[in-house]
């Protein structure tokens, strides 16, 4: 009889190792859809004539040599294009492995959502007819640019440059929001802020190289967060416990 409390505690400790998926309140999705709608309108307005993009890109283009001086810069390539991406990927891998080991469904889901965000951007990028700045006539290339919802010109070039693929590796960190929202909401929103900062910095590094326009990166962040919110809503509605 004296061993029963011990057995009970052991059973309790074993059952508490598994953290089930949880649902987010309906108002969260209402707020997010509203914000995403407003941002979509804003980003569309900013992309309407590419004036903002060209103004920002102009700071990194040398009109005298007709090239982007930092396009092949080894330090920028190492720190921004390689190291930053590897850090983000490593974070997702650690979250996935540790979450699986601890049987933490929210953490595993957050890690998978990180991968989903980059996958969605990658698919959209692969279907895009928008070419990168360094491929455009204005910047020493041969391709013709056109506004976001404009008709595709015949000489649109190689395309596959919208939204910004590299920036999505930074924005995907926002997926960890869904792993911590219930128990540590401040940390959860901290990952959203970190993902935004990380994505914008990584994206701007590509702007400096002539690889993307600034709006390409804004849309990358939009698609990453939209896909993560939508996917978590669907998955949690199916698998989560109250």
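Numbering (our numbering), first residue to last: 130 to 371.
The beta-carbon is built from N, C-alpha and C at its ideal position, and this holds for glycine as well.
Nothing here was measured: the structure is a model prediction, and the numbers come from that model.
The segment 266-278 contacting the segment 172-180, beta-carbon criterion three pairs below 8 Å: yes
Close Cβ partners of residue 191 (< 6 Å) along its chain, the five nearest in sequence each way excluded: 198
Can you look up residue 160 in the DSSP assignment and give me helix, strand or coil? helix
Between which two residues does the alpha helix (DSSP H) holding residue 334 run? 314-338
Could you check whether the segment 355-369 touches the segment 147-154, counting it as contact only if at least three pairs of C-beta atoms, one from each stretch, sit closer than 8 Å? yes
Please name the residue in 335, 350, 345 and 321 whose C-alpha comes closest to that of residue 205. Taking residue 205 as reference, the option from 335, 350, 345 and 321 with the minimal CA-CA separation is 335.
Determine contact between the segment 281-293 and the segment 339-350, defined as no fewer than three beta-carbon pairs at a distance below 8 Å. Proximity of the segment 281-293 to the segment 339-350 meets the contact definition, three or more beta-carbon pairs being nearer than 8 Å.
Give me whichever residues DSSP pairs with residue 196 in a beta bridge. 191
Express the C-alpha separation of residue 331 and residue 173 in angstroms, rounding to a whole number. 21 Å
If we call anything under 8 Å between Cβ atoms a contact, is residue 158 one with residue 324? no
Do residue 320 and residue 301 have their CB atoms nearer than 8 Å? no
Anyone know if the C-beta pair for residue 286 and residue 200 falls short of 8 Å? No, the pair does not count as a contact, with Cβ atoms beyond the cut-off.
From residue 284 to residue 365, what does the alpha carbon distance come to, in whole angstroms? 45 Å
Please report the distance separating the alpha-carbon of residue 203 from that of residue 327. 20 Å
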